[in-house]
Amino acid sequence: FLKVAGSFGSFFASLRAPAPKAAAKAAAPKAPAVAVAEPVAVPKKIIGWSLKSSHPSVRRGEGDQAALALIPDTRSKACAAAARATRGFQSGIHYFEVKVLMASDFSYVGLVSADWTTQNLPVGRAPHSYGVGSDGAVLAEGIELDRLPVTYGDDSVLGFLLQLGEPGKRTATVFIDGRRFENVLTDLAETVFPAASNFRDPARFRLDCDAVAPRAASEEASASEDFLTAAGLQPSTTRGSEGSGRGHMPGPQPAPG
-11 FLKVAGSFGS FFASLRAPAP KAAAKAAAPK APAVAVAEPV AVPKKIIGWS LKSSHPSVRR
49 GEGDQAALAL IPDTRSKACA AAARATRGFQ SGIHYFEVKV LMASDFSYVG LVSADWTTQN
109 LPVGRAPHSY GVGSDGAVLA EGIELDRLPV TYGDDSVLGF LLQLGEPGKR TATVFIDGRR
169 FENVLTDLAE TVFPAASNFR DPARFRLDCD AVAPRAASEE ASASEDFLTA AGLQPSTTRG
229 SEGSGRGHMP GPQPAPG
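In my numbering, the protein residues as written are -11 to 245.
So, in structure tokens, the structure goes:
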């Protein structure tokens, strides 16, 4: 009797037991993780002297000293070494300065065009270049146009006020240690870049494309810019250790050959 009662108990217990749970639904496959690229830092454009467009002997200051051009003695090469800026100018009103940290036997500061390639001749004495020599000579593509009544040397500052209008109205007014010389350079090329060179002895130059023009010059430039705008011309388009040892030259010197 007990065996029979146990069998019935087991039978009724099986009826009360919950049904087995269904197998858990298979998890959906995960999408592969997508790699997120790190943001690429855009290099800041250097405004200073161009190593690519300057004579191979020219050295440029490191980092934020890119505006410093170091030109060694080139007497053994029997040539000059010219440096060209990374920034160029096409139209409108612009002003830049070059400080002569160390003057060469003859120094040259001025402009070169986009077609300039003769890096072994002084600025102003080479094709497609315009310059002012430390002896006061005003030069354009190897021709002496004028001779200013001033010279410059160590620690001199040359400022160039560019007024780049239509052909025939593209000029540079030059400031030498504060003295102004109106429209010294004329008929400038379509695109011009600041440039500087030695003759044979070492030289050092510092470029400042963000220099502030002298007040009177700024007011005149503003009036000229208004004129250019009224004429339908683009008012402004851009492309793109301190030494000592030589004093000011005493007076005009014979032009080197």
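All C-beta atoms, glycine included, are put in the ideal place defined by N, C-alpha and C.
Annotation for TYR140: VAL88, SER122, LEU146, ILE164, ASP165, HIS236 place their beta carbon closer than 7 Å to its own, counting only its chain and skipping 5 residues before and after.
The C-beta distance from GLY119 to GLY98 rounds to 3 Å, short enough to fall under 8 Å. Checking the DSSP bridge columns, you'll see TYR118 partnered with LEU99, ALA128.
Between the region 177 to 196 and the region 55 to 63 there are three or more inter-stretch CB-CB distances shorter than 8 Å, so the stretches are counted as touching.
According to the DSSP assignment, VAL86 belongs to the beta strand (DSSP E) that extends over 77 to 90. Between ALA55 and GLY36, the beta carbon gap of about 4 Å places them in contact (Cβ cut-off 8 Å).
For SER64, the secondary structure class from DSSP, reduced to helix, strand or coil, is helix.
In this structure, the straight-line span from the alpha carbon of PRO110 to that of ARG47 is close to 17 Å. Setting aside the 5 residues that flank it on each side, VAL138 is surrounded in the same chain by GLY124, ILE164, ARG167, each with a C-beta closer than 7 Å to its C-beta; the list follows chain order.
By the Cβ-count criterion, VAL162 is buried, with 16 or more other Cβ atoms from all chains shown falling within 10 Å of its own Cβ. Look at GLN53 here: in three-state DSSP terms it is helix. Here TRP37 is bridged, per DSSP, to ALA73.
Across the structure, VAL200 and TYR83 are spaced so that their CA atoms are roughly 7 Å apart.
Looking at the DSSP output, ALA183 bridges to ARG72, GLY98.
With 16 or more other Cβ atoms inside 10 Å of its own Cβ, GLU85 counts as buried.
Per DSSP, VAL172 is one residue of the beta strand (DSSP E) stretching across 167 to 173.
In the structure shown, the three-state DSSP call for ARG203 is helix.
Going by DSSP, LEU176 is part of no beta strand (DSSP E) at all; its letter is neither H nor E. The alpha carbon of ALA69 has as its nearest neighbour, out of GLU50, SER95, LEU136, ASP198, the alpha carbon of SER95. About 5 Å separates the beta carbon of SER38 from that of ARG72, a gap short enough to meet the 8 Å contact definition.
For ARG113 and ASP93, the gap between their C-alpha atoms comes out near 15 Å.
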